[in-house]
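Take a look at the structure set out below.
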Ligand code: R5P
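Numbering (my numbering), first residue to last: 9 to 307.
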């Protein structure tokens, strides 16, 4: 089934890059807002019997969701045989438990809604914390891609004598993988979160890594408080100015400027979310998977 690519607003560059790498057609759709804020969607390409691949990363999900839903509905109504959503950043994965009476587990609820109108989901390093796999909450096939190889390659080529720093125990899963692929040492810190913007981290003795460049690696950078606190502790311990790498650079409100002012040497991110810190390109990760999937379905 021939693929045809569509981007929701803001995802055009990544969509084009993936489509070009796999020599797929880019479809045309007009998606905009009316002056009153409502969404307008018009499909301009013939999608009948086609496999539509929609690229829509899901930071700021509440505002991105309706245009995605309308586009998917239009694709289905006009005969698309299959809809794959490429959401490099998948939102609503963090509230995976009801901590207080009455709290909605939004990860399950969001998964239910997405699963109802998409046929397949491809995402990168989703925040699987208390869940072990996507199938615990999603009822559609989900492919989880990992940016670890791409990040490791960047570190190997661009950051000499790196030591990877995972800010909390959850980060060990990706930090250990990147460290192994980049062939560098890593340590994982202890983090305590007391509120949205209140985080403490504790550092082990760092003497052994005195000549190294600390590279703080986290999956999501939201308020950046986790990174900011980690950078403070590393500088207090006499380490070189750290490099910070985020897989998903949300950088809410003034988080990016706050992190920049801590004395970091560089802030880098993957382009799972468009941000000035984007330096590590995940388009090939996505296109390689789509090519493999297409070849697999033909054999
Ligand atoms: C924690 O569970 C995640 O892996 C990140 O450490 C967290 O999302 C970072 O959030 P913030 O930037 O708000 O500290």
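Glycine is no exception: its CB is placed at the ideal position from the N, C-alpha and C atoms.
Counting C-beta neighbours from all protein chains within 10 Å, is the total for residue 48 16 or more, i.e. buried, or is it exposed?
Counting from 1 along the chain shown, the entry for residue 48 is found at position 40. With fewer than 16 other Cβ atoms within 10 Å, it is exposed.
Go to residue 189, then tell me how far its alpha helix (DSSP H) extends in each direction, as first and last residue.
By 1-based counting over the chain shown, the position of residue 189 is 181. Judged by DSSP secondary structure, residue 189 falls within the alpha helix (DSSP H) whose first and last residues are 180 to 190.
Could you round the C-beta distance between residue 82 and residue 51 to whole angstroms and report it? I think they count as a contact, below 8 Å.
Numbered from its first residue, the chain shown carries residue 82 at position 74. Numbered from its first residue, the chain shown carries residue 51 at position 43. Contact holds; Cβ gap of about 5 Å.
Mapping the DSSP letters down to three states, classify residue 168 as helix, strand or coil.
By 1-based counting over the chain shown, the position of residue 168 is 160. DSSP places residue 168 in coil when its eight states are reduced to three.
Span of the beta strand (DSSP E), counted from its first residue to its last, around residue 226
Numbered from its first residue, the chain shown carries residue 226 at position 218. Looking at the DSSP string, the run of the beta strand (DSSP E) that includes residue 226 is 221 to 229.
Beta-carbon proximity list for residue 287, same chain, < 6 Å, skipping 5 on both sides
Residue 287 sits at position 279 when you count from the first residue of the chain shown. Excluding positions up to five away in sequence, the list reads 276.
Going by the DSSP bridge assignment, what does residue 128 pair with across the sheet?
The count along the chain shown starts at 1 and reaches residue 128 at position 120. Partner(s): 92.
Roughly how many angstroms separate the alpha carbons of residue 255 and residue 264, rounded to a whole number?
Taking the first residue of the chain shown as position 1, residue 255 is located at position 247. Taking the first residue of the chain shown as position 1, residue 264 is located at position 256. When rounded, the distance between both Cα atoms is 14 Å.
8 Å Cβ shell around residue 261 - same chain, five flanking residues per side excluded:
Numbered from 1 along the chain shown, position 253 holds the residue referred to as residue 261. The answer, listed in chain order, is 231.
If we ignore side chains and look at the alpha-carbon of each, how far apart do residue 57 and residue 293 end up?
For this step, residue 57 is matched to residue 49 along the chain shown. For this step, residue 293 is matched to residue 285 along the chain shown. Going by the C-alpha atoms only, they are around 26 Å apart.
What residues are listed by DSSP as bridge partners for residue 208?
Numbered from its first residue, the chain shown carries residue 208 at position 200. DSSP output for residue 208 lists 200 as bridge partner(s).
Residue 237 burial status per 10 Å Cβ neighbour count (16 or more: buried)
In the chain shown, counting from the first residue as 1, residue 237 sits at position 229. Counting Cβ neighbours within 10 Å, residue 237 comes out buried, since at least 16 surround it.
Among the residues of its own chain, which have a CB less than 7 Å from the CB of residue 66, if the five just before and after it don't count?
Position 58 of the chain shown holds residue 66. Excluding five sequence positions before and after residue 66, the CB atoms of its chain that fall closer than 7 Å to its own CB belong to 72, 95, 97, 98 and 99, given in chain order.
Going by other Cβ atoms of all chains shown within 10 Å of its Cβ, with 16 needed for buried, is residue 158 buried or exposed?
Position 150 of the chain shown holds residue 158. Per the 10 Å Cβ criterion, buried.
Look at the Cβ atom of residue 226, then the Cβ atom of residue 214, and state whether they are nearer than 8 Å.
Within the chain shown, residue 226 is the residue found at index 218, counting from 1. Within the chain shown, residue 214 is the residue found at index 206, counting from 1. Result no, Cβ atoms of residue 226 and residue 214 do not sit closer than 8 Å.
Just how far apart, CA to CA, sit residue 61 and residue 218?
By one-based count along the chain shown, residue 61 stands at place 53. By one-based count along the chain shown, residue 218 stands at place 210. When rounded, the distance between both Cα atoms is 47 Å.
Could you check if residue 208 is buried or exposed, using at least 16 other CB atoms within 10 Å of its CB as the buried criterion?
By one-based count along the chain shown, residue 208 stands at place 200. Burial call: exposed.
Cβ neighbours of residue 103 in the same chain (closer than 8 Å, five flanking residues each side left out):
By one-based count along the chain shown, residue 103 stands at place 95. Non-local C-beta neighbours of residue 103 in its own chain, meaning closer than 8 Å and more than five positions away in sequence, comprise 111, 112, 113, 114 and 115, ordered along the chain.
Taking contact to mean 3 or more Cβ pairs, one atom from each stretch, closer than 8 Å, check whether the region 162 to 178 and the region 141 to 152 are in contact.
no
DSSP three-state assignment for residue 162, whether helix, strand or coil
As a first step, residue 162 must be located in the chain shown, where it is residue number 154. Of the three classes helix, strand and coil, the one that applies to residue 162 here is helix, per DSSP.
At the level of alpha carbons, what is the spacing between residue 205 and residue 258?
Reading the chain shown from its first residue, position 197 is the one you call residue 205. Reading the chain shown from its first residue, position 250 is the one you call residue 258. In a straight line, the C-alpha of residue 205 is about 14 Å away from that of residue 258.
Please report the distance separating the alpha-carbon of residue 145 from that of residue 120.
If you number the chain shown from 1, residue 145 lands on position 137. If you number the chain shown from 1, residue 120 lands on position 112. If you take the alpha carbons of residue 145 and residue 120, they lie about 7 Å apart.
Taking the beta strand (DSSP E) that residue 47 belongs to, which residues open and close that run?
The sequence position of residue 47 within the chain shown is 39, counting from 1. Per DSSP, residue 47 belongs to the beta strand (DSSP E) from 47 to 51.
For residue 197, the nearest candidate out of 211, 185 and 305 (CA to CA)
Here residue 197 refers to the residue found at position 189 when the chain shown is read from its first residue. Among 211, 185 and 305, the Cα nearest to that of residue 197 is on 211.
Going by beta-carbon coordinates alone, are residue 36 and residue 27 separated by less than 8 Å?
Locating residue 36 in the chain shown gives position 28, counting from the first residue. Locating residue 27 in the chain shown gives position 19, counting from the first residue. Not in contact: residue 36 and residue 27 (Cβ atoms no closer than 8 Å).
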